[in-house]
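Numbering (full-length UniProt numbering), first residue to last: 1 to 72.
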């Protein structure tokens, strides 16, 4: 069995353009950016949390899951 905490060396390299495209996903469907009342990103907009990840660490958009306890 491979122990991920015990290693002898690490290899670091640059990612190719094709590899970066393979990692990327998501689609901007609306031109809106941020809701001016709530100051939260608009869903499917330019700053959508589904595309770019949550705006606050350890907290989902709806607020149901908070703190490090729910770390994946």
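In this text, a Cβ means the ideal position worked out from N, Cα and C, and glycines have one as well.
Sort the options by Cα distance to residue i and report the nearest one.
i: residue 47; options: 31, 62, 37, 3; result: 31
With a CB to CB cut of under 8 Å and the five nearest residues on each side skipped, what residues in its chain are close to residue i?
i: residue 26; result: 48, 50, 51, 52
i: residue 85; result: Outside the displayed span of the chain (1 to 72) sits residue 85, for which this structure offers no information.
Give me the Cα-Cα distance between residue i and residue j, rounded to the nearest whole angstrom.
i: residue 54; j: residue 39; result: 14 Å
i: residue 18; j: residue 7; result: 29 Å
i: residue 16; j: residue 62; result: 35 Å
i: residue 64; j: residue 9; result: 40 Å
So, for residue i: in the same chain, excluding its five sequence neighbours on each side, which residues have a beta-carbon less than 7 Å away from its beta-carbon?
i: residue 66; result: 58, 59
With C-beta atoms as the reference, is residue i less than 8 Å away from residue j?
i: residue 28; j: residue 45; result: yes
What residue range is occupied by the uninterrupted alpha helix (DSSP H) comprising residue i?
i: residue 46; result: No alpha helix (DSSP H) holds residue 46; DSSP gives it neither H nor E.
i: residue 22; result: 17–23
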